[in-house]
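Okay, structure first, notes after.
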Amino acid sequence: MQTSADRQDRHQYPAHWEADVVLRDGGTARIRPITVDDADRLVSFYEQVSDESKYYRFFAPYPRLSAKDVHRFTHHDFVDRVGLAATIGGEFIATVRYDRIGADGMPASVPADEAEVAFLVQDAHQGRGVASALLEHIAAVARERGIRRFAAEVLPANTKMIKVFTDAGYTQQRSFEDGVVRLEFDLEPTDRSLAVQRAREQRAEARSVRRLLMPGSVAVVGVGRAPGGVGRSVLGNIRDAGYGGRLHAVNKAFPEDLQEVDGVPAHRCVRDIGGPVDLVVVAVPAEHVPAVVAECGEHGVQGLVVLSAGYAESGPEGRERQRALVRQARAYGMRLIGPNAFGIINTAADVRLNASLAPEMPRPGRIGMFAQSGAIGIALLSRLHRRGGGVTGVTGVSTFVSAGNRADVSGNDVLQYWYDDPETDVVLMYLESIGNPRKFTRLARRTAAAKPLVVVQGVGSAPQGHAVRATRLPHATVSALLRQAGVIRVDTITELVDAGLLLARQPLPAGPRVAILGNSESLGVLTYDRCVAEGLRPSRPLDLTTGATAEDFHRALGAALADETCDSVVVTAIPAIGEASPGDAELAEALRSAAAAVPGKPVLVVHVELGGLAEALSAAASTAPQAVSGAAGTEAGARPSPFSAPLERGDPRRPAERPPTAVAETGAPTAAGDATGPPEGMHLIPAYPAAERAVRALAEAVKYGQWRREAMDPGKVPEYEDIDEKGAARLIGELLARGEGLTISDAETCELLGKYGIPVRRALPAPTPDAAAEAARALGYPVALKATAPHLRHRADLGGVRLDLADEEQLRRAYAELTGLFGKPEELRLVVQGMAPRGVDTVVRAVIDPAAGAVLSFGLAGAASQLLGDMAHRLVPVTDREATSLVRSIRTAPLLFGWRGSTPVDTPALEALLLRVSRLVDDHPEVVAVTLEPVVVAPHGVSVLGATVRVAPPPVRDDLGPRTMPAY
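Numbered according to my numbering, the sequence shown terminates at residue 948, and the numbering increases by one at each position without gaps.
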């Protein structure tokens, strides 16, 4: 007779439980269900566990597993008994299992909702966060199988395992009996458990990137025997940059007696290298990469940078080759940058790593850069490295990552690293695609609360090499959501660099008020016009005339900065004629000293044909830490700065030393955060060759500064006592029982919205004139007669609506007109509706996007939203402050606030409606789409005249589940 333990097929093997995870130290492991085929792996694993760990697991000496134990621990039904293993290189490093129990503590089946859980971690891997990751995954599995509570019995001396449970953030109870600690905890995620999970995710992913960017030893595989070629070039770049770790050249074709290549130790394979290797740069043809990866994994390499092409960018065959590459690297616990990557750079003095195809090492500085495209990476590095012309000045880079096909390490991972990297003050990212928009938005909000994040996002389809989740959201909507998260969205590489330079060198402006001064009236007027076009509030330009001296510039800039009605200053300068005209260095010193005397406000320079001034500004315009020598400092290889003596390292005023603003998991800065930029200290003045570029960068800084101030108080999601959440859930359950996904009827829509305090004005069908008259009598005159056929719905411009019908005669006349113009009543789907108070017609929409999550949108109904795309968007749940800003974000918002003498409408009532819709889709993810159109906003109150709701099984939310890496 077959027992339940033998019925491995009670449920099919749950492949969706398999996952790759990043561990606490930055390494990776694979988590998967344990099956009957794992008996030998389990025995081998157990033999490597210490006697002490075995004692903690079984509460008694237990030197080896019996055949019965092995059978029990490898035979699971995947419902009442589940076992998961963490593996590296295919071998177990840890296990966890649960057994469902009843109220009496004995084995049970459904509907019992409690289970006992137990862990065992190999001693060599304890302290890496393996148990914490396994707990997240076994809890998610248990919830899926109807288990709501875990119980665990632990010996008091097993403090590490007790800490795993207590630190998880679940609601728990602890008791002590018979010398054993019993822990019981609910598996329902809490705010604290989610915060703990995300904090662990940040630390683990940041460390995984740090291991790639700060290796103690590097090997380049694919170094040619003759000069030239990718491998030989990268080896030379690493050597020439002054890399301080151990460097090795590898090529299986090297002669056995070859000792060195370009002064670097040479080896025929990675296995021949004596000692550990942290990072391997792979520059061999794609067909040889798997053998190299296997060598690296067996040697204990921590990470790979794969420069080789021929992967997903080359078509279906290459895409499968890329999947296999990622699976192979992760099987050995390695992280991977690439394939088809340009490389990585770290300018830190104790690292000096240029493992890239860039022939020159960038100057060290405070800007972190990420690019998916190698060509764009070259352009960014070149532009930031250039002196004079364009955006002037040598601007330093802290770290640079070009991820190529970003098959493993992505922008999200690097963002986790930069968030708390003390060497990075500003982040610049060029993203051809966003693989996980929901996670990127969450990380961006947290990062932007601490340091500026400037992004250029590709508009077209994602490159072939990128795995991108499908999204139904237009590019403009995604951009709006990124801005909501504090991202500074720009459109070009030039704008990316322009904004980055200003944010790296200057404090954030406190507002939009701009003072303009210079020696050219026409350039001042041009700057003024651009300020107005960008939504800034410029004062009348101060013309110093072409005969202005350096002292005139100094005096005027000092006065402008001291003016309390000014938030920032733009200085314009053109070549002057005459003996009294200031020299470039003299003018630079005049501007520097004036800005230093009144710190706290940003200063920008617009120069025309002043190459010398650009160079003078360049000499001080590096964001690199500068060496200190007495009262003045010089940067290695640079001239002494004519702008300022750098502050001593460790001085609290020194911008480079500022730690990231402390933030809560929501991304809002704490009370100690500085929303207006660094304190007084060394601020380097950026120079721009065109007024529009300077003003655009300043406008972005103004908007970012405003976001930082608002992020200090993000608002709250209000509670409404009249919301019937449980009643709505019951109704949605009944609706879904009829089908997988459906647009519900008008009556059901009214009932569902009504449970959230959203009344929809009644509309009665009018298939005949008599039915229309009867409906009007029931509703009361005056009424409206509307065609609701798809081609006429919400199209008042086509004449399918008759309003203010005061009596039955007018109603019948309107009925005849509509049927005469547009066709039979059954084609028009006529309805009668009571008249709403006059106001502004608007539209409210909510949709759950599989990639970005739930999005709430608002705009004016008709041409403004349909033709001009004038819609504003916010991620759900929306706070009261976000609802207020949403209403005011559209370009046509003045129509709501008394434009040209019209009566202002009831925007507080509109904001309350938006918050209720947000609550509905946030509380019930089965509500996948809501459209309210039109919503008439009157001077007093709002009226919802039309509504459609679609319900369906919700998309899977990976941001609420256990930590996982993207699946391959």
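Think of the CB as a built atom: it goes at the ideal place given N, C-alpha and C, for glycine as much as any other residue.
Excluding the 5 residues flanking residue i on each side, which residues of the same chain have their C-beta closer than 7 Å to its C-beta?
{"i": "Arg809", "result": "Ala767, Thr768, Ala769"}
{"i": "Gly69", "result": "Gly277, Ala311, Tyr312"}
{"i": "Ala758", "result": "Leu744"}
{"i": "Asp989", "result": "Nothing can be reported for residue 989: it is not among the residues displayed for the chain, which extend from -19 to 948."}
{"i": "Val578", "result": "Gly538, Leu541, Ala542"}
{"i": "Met194", "result": "Asn326, Val331"}
Quick one: is residue i buried, meaning 16 or more other Cβ sit within 10 Å of its Cβ, or exposed?
{"i": "Ala553", "result": "buried"}
{"i": "Ala752", "result": "buried"}
{"i": "Met945", "result": "buried"}
{"i": "Ser845", "result": "buried"}
{"i": "Ala(-5)", "result": "exposed"}
{"i": "Ala48", "result": "Reading off the sequence, residue 48 comes out as Lys, not Ala. With fewer than 16 other Cβ atoms within 10 Å, it is exposed."}
{"i": "His55", "result": "buried"}
{"i": "Trp398", "result": "buried"}
{"i": "Ser89", "result": "exposed"}
{"i": "Phe156", "result": "exposed"}
{"i": "Met815", "result": "buried"}
{"i": "Pro265", "result": "exposed"}
{"i": "Pro635", "result": "Confidence in Pro635 is poor, its pLDDT being 35 and thus under 50, which makes the residue's placement too unreliable to answer from."}
{"i": "Glu806", "result": "exposed"}
{"i": "Lys581", "result": "buried"}
{"i": "Pro344", "result": "buried"}
So, helix, strand or coil for residue i, using DSSP?
{"i": "Glu133", "result": "strand"}
{"i": "Glu699", "result": "coil"}
{"i": "Phe838", "result": "strand"}
{"i": "Lys735", "result": "coil"}
{"i": "Ala927", "result": "strand"}
{"i": "Asp237", "result": "coil"}
{"i": "Gly647", "result": "For Gly647, the predicted model reports a pLDDT of 35, less than 50, meaning its position is unreliable; a value from the coordinates is still stated below. Looking at Gly647 - three-state DSSP - the assignment turns out to be coil, as it is neither helix nor strand."}
{"i": "Ser519", "result": "coil"}
{"i": "Asn326", "result": "strand"}
{"i": "His228", "result": "strand"}
{"i": "Arg205", "result": "coil"}
{"i": "Glu71", "result": "strand"}
{"i": "Asn334", "result": "strand"}
{"i": "Tyr761", "result": "coil"}
{"i": "Arg638", "result": "Legend: pLDDT at Arg638 = 34, less than 50; position of this residue unreliable, value from coordinates given subsequently. Coil at Arg638, not helix or strand."}
Give the C-beta separation of residue i and residue j to the nearest angstrom, bearing in mind that I take them to be a contact with Cβ-Cβ under 8 Å.
{"i": "Gln282", "j": "Arg205", "result": "Their Cβ separation, rounded to whole angstroms, is 28 Å, which puts Gln282 and Arg205 out of contact at 8 Å."}
{"i": "Ala263", "j": "Gly357", "result": "Contact flag wrong, Cβ pair sits at about 17 Å."}
{"i": "Leu765", "j": "Glu906", "result": "Incorrect: roughly 35 Å between the Cβ atoms, too far for contact."}
{"i": "Ser288", "j": "Val2", "result": "Rounded, the Cβ-Cβ distance is 24 Å, inconsistent with contact."}
{"i": "Gln352", "j": "Tyr291", "result": "Contact flag wrong, Cβ pair sits at about 14 Å."}
{"i": "Asp571", "j": "Phe533", "result": "Residue 571 is actually Leu in this sequence, not Asp. With a Cβ gap of about 6 Å, Leu571 and Phe533 count as contacting."}
{"i": "Ala335", "j": "Gly323", "result": "5 Å"}
{"i": "Thr883", "j": "Pro919", "result": "5 Å"}
Using DSSP's beta-bridge definition, name the partner residues of residue i.
{"i": "Val286", "result": "Val262"}
{"i": "Met349", "result": "Phe380, Leu408"}
{"i": "Glu164", "result": "Ala131, Gln153"}
{"i": "Ile11", "result": "Ala(-1), Ala66"}
{"i": "Phe38", "result": "Phe38 pairs with nothing; no bridge assigned."}
{"i": "Met962", "result": "The chain is shown only over -19 to 948; residue 962 falls outside these bounds and no answer can be derived."}
Closer than 8 Å by C-beta to residue i: which residues in its own chain qualify, once you throw out the five before and the five after it? Chain order, please.
{"i": "Glu27", "result": "Arg44"}
{"i": "Asp702", "result": "Gly737"}
{"i": "Pro342", "result": "Ile325, Thr327, Leu361, Leu364, His365, Gly376, Val377, Phe380"}
{"i": "Gln396", "result": "Glu181, Gln182, Glu185, Ala186, Val189, Leu423"}
{"i": "Ala786", "result": "Tyr761, Pro762"}
{"i": "Val858", "result": "Val697, Leu836, Leu866, Leu894, Leu895, Ser898"}
{"i": "Asp839", "result": "Sequence inspection shows Gly at residue 839; the Asp mentioned does not correspond to that position. Thr822, Val823, Ser845, Asp850, Met851, Ala852, Ile870, Thr872."}
Just to confirm my understanding: we take residue i, look at its own chain, exclude 5 residues before and 5 after, and list those with CB closer than 6 Å. What are they?
{"i": "Phe802", "result": "Leu808"}
{"i": "Arg212", "result": "Val203, Gly204"}
{"i": "Trp687", "result": "Gly466"}
{"i": "Ala671", "result": "Leu506, Thr507, Arg510, Val586"}
{"i": "Thr656", "result": "Per-residue confidence for Thr656 stands at a pLDDT of 38, beneath the threshold of 50, marking its modelled position as unreliable; no derived number is given."}
{"i": "Arg782", "result": "Leu765, Ala794"}
{"i": "Leu476", "result": "Leu408, Val434, Val436, Val470"}
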